[in-house]
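These notes concern the structure reproduced below.
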Ligand SMILES: CC(C)CCC[C@@H](C)[C@H]1CC[C@H]2[C@@H]3CC=C4C[C@@H](O)CC[C@]4(C)[C@H]3CC[C@]12C
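Here you go:
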């Protein structure tokens, strides 16, 4: 980096930033094992990221009201594209750069709900694995009969920058039509590392494959690519399955996932426009910390978050160590008793039939069970029986009255 180039690295952190950059050029792929300088640490744990899927509940629920399956797949595409800005650019916008999230402990929970014109939309997010780190979530709106569930892990590699491939998927279910949409997750890399203000750029392609017989493919590109513009997306929706042709495109989407995009039909008429800058978000409500269970993320990480906020690295690492030691003890006890940590809301499944069926339409798509410590599904029984203060279901009831 030239002297003249602007740097977001605080003067007193220059040295630690340089050694951090050096250390990642030889790291082993486990993002959680990376140690980073204080100014780049986030006070938010990855379990909270699941909320990005539904900060605009209206868009998530919109497909459930559409009778035509082709239009429904277009509305699912619109909702998916609308989540990208929250997922991949919101820390940037709020904090000035991407930051290193807290690495969730096994069993960590994040519970909340959105109340707005779409009714109540519930969120349950749980860290279902620590080695490798895997976060599972279930998001549902009973009034509209939509349910989203999924889980994800990250595989990182270093080649000029941090490159991250996401392992995992999301599945959207619409009750009214008893249909499913399997959603794959984009690969990303980090830009702006040298200057100390990292941000995410998406790359490659992802798919939304549906039991209705329509597939959307989304292509991501950035500055160095054909379009030359950052955060570019182009997508097409086409019929899938035997005897169908991918070139029989029924919808296209084009634009930017942080700005505007347009969806057109086969006759090139605009059918939907979206402006990420204007779209109103609904605030997620989370129980006050004192009412939360000790497994809930904001309660569990409170002291660490406060120490990070103050820039107090000694307390940060002391409080982090407390959590890590406690976790080590728990694992030790489980091993000694020959059992495994009982996840609060999710269970391991042997197979995932819908996924296996639909993923055939995704080039190279597979469950990669070995990368996620299993197949994770939301367990309705566990959720029903969850005792307060977990009771997101009881929280749902009390709020509906
Ligand atoms: C910022 C630099 C210094 C450190 C790198 C931090 C890494 C661990 C961060 C940067 C961007 C982050 C990703 C940003 C967005 C998402 C989408 C979400 O649905 C799952 C987690 C996932 C995939 C994050 C995983 C962790 C991540 C890859």
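Residue numbers (the working numbering): 6 to 406.
Ideal placement from N, C-alpha and C gives every residue a C-beta, glycine not left out.
Owing to the predicted nature of the structure, the values given are computational and were not obtained by experimental measurement.
- Within its own chain, the residues whose Cβ lies closer than 7 Å to the Cβ of residue 22, once the five positions on either side in sequence are excluded, are 14, 42, 201, listed in chain order.
- Comparing alpha carbon positions, the residue from 141, 264, 120 closest to residue 63 is 120.
- In this structure, DSSP gives residue 244 an extended state, which the three-state scheme calls strand.
- Of the candidates 262, 181, 208, 227, 181 places its Cα closest to the Cα of residue 217.
- Taking the Cβ of residue 238 as the reference point, every heavy atom of ligand 1 lies at 7 Å or farther away.
- For the pair residue 137 and residue 52, the CB atoms are not nearer than the 8 Å cut-off.
- With at least 16 other beta carbons inside 10 angstroms of its own, residue 127 counts as buried.
- By the C-beta criterion, the stretch 328-345 is judged not to be in contact with the stretch 378-386, since fewer than 3 inter-stretch pairs fall below 8 Å.
- As a beta-bridge residue in DSSP terms, residue 278 pairs with 267.
- Between residue 75 and residue 364, the C-beta spacing is not below 8 Å.
- Proximity to residue 38 across 279, 210, 334, 159 peaks at 159, based on C-alpha coordinates.
- In the DSSP secondary-structure assignment, residue 196 is bridged to 204.
- The C-beta distance from residue 271 to residue 258 rounds to 13 Å, too long to fall under 8 Å, and the pair is not in contact.
- DSSP places residue 108 outside both helix and strand once states are collapsed to three, so it counts as coil.
- Note on geometry: alpha-carbon atoms of residue 49 and residue 156 lie some 18 Å from one another.
- Per the Cβ contact rule, the stretch 57-71 is in contact with the stretch 88-100 (3 or more Cβ pairs under 8 Å).
- Secondary structure remark: continuous beta strand (DSSP E) runs of at least 3 residues inside the stretch 6-91, in chain order: 46-50.
- In chain order, 188, 213 place their CB closer than 7 Å to the CB of residue 85, counting only its own chain and leaving out the 5 sequence neighbours on each side.
- For residue 153, the uninterrupted beta strand (DSSP E) segment begins and ends at 151-164.
- For residue 353, the enclosing beta strand (DSSP E) starts and ends at 351-354.
- The three-state secondary structure of residue 372, taken from DSSP, is coil.
- Assignment of residue 126 by DSSP, reduced to helix, strand and coil, places it in the strand class.
- Between the alpha carbons of residue 335 and residue 146 lies a gap of roughly 35 Å.
- Bounds of the beta strand (DSSP E) holding residue 146 are 139-146.
- Near ligand 1, meaning a Cβ closer than 6 Å to any of its heavy atoms, lie the following residues in chain order: 36, 41, 45, 51, 54, 57, 92, 93, 103, 104, 105, 106, 157, 159, 167, 169, 171, 195, 203, 205.
- Residue 341: member of the alpha helix (DSSP H) spanning 318-342, first to last residue.
- A residue is called buried once 16 or more other Cβ atoms fall within 10 Å of its Cβ, and residue 207 is buried on that count.
- If you draw a 10 Å sphere on the C-beta of residue 300, you find 16 or more other C-beta atoms in it, and that means buried.
- Between residue 242 and residue 82, the C-beta gap is smaller than 8 Å, which places the two residues in contact.
- If the five residues before and after residue 367 are omitted, its C-beta is found closer than 7 Å to the C-beta atoms of 189, 212, 214, all from its own chain and listed in chain order.
- With a beta-carbon spacing of about 17 Å, residue 169 and residue 175 fall beyond the 8 Å limit used to define contacts.
- The alpha-carbon of residue 351 is positioned some 9 Å away from that of residue 143.
- Inclusion of residue 261 and residue 238 in the CB contact set at 8 Å is warranted, their separation being smaller than that value.
- Assignment of residue 384 by DSSP, reduced to helix, strand and coil, places it in the coil class.
- Within the same chain, Cβ atoms closer than 6 Å to the Cβ of residue 46 are found at 105, 313, the five residues on either side in sequence being excluded.
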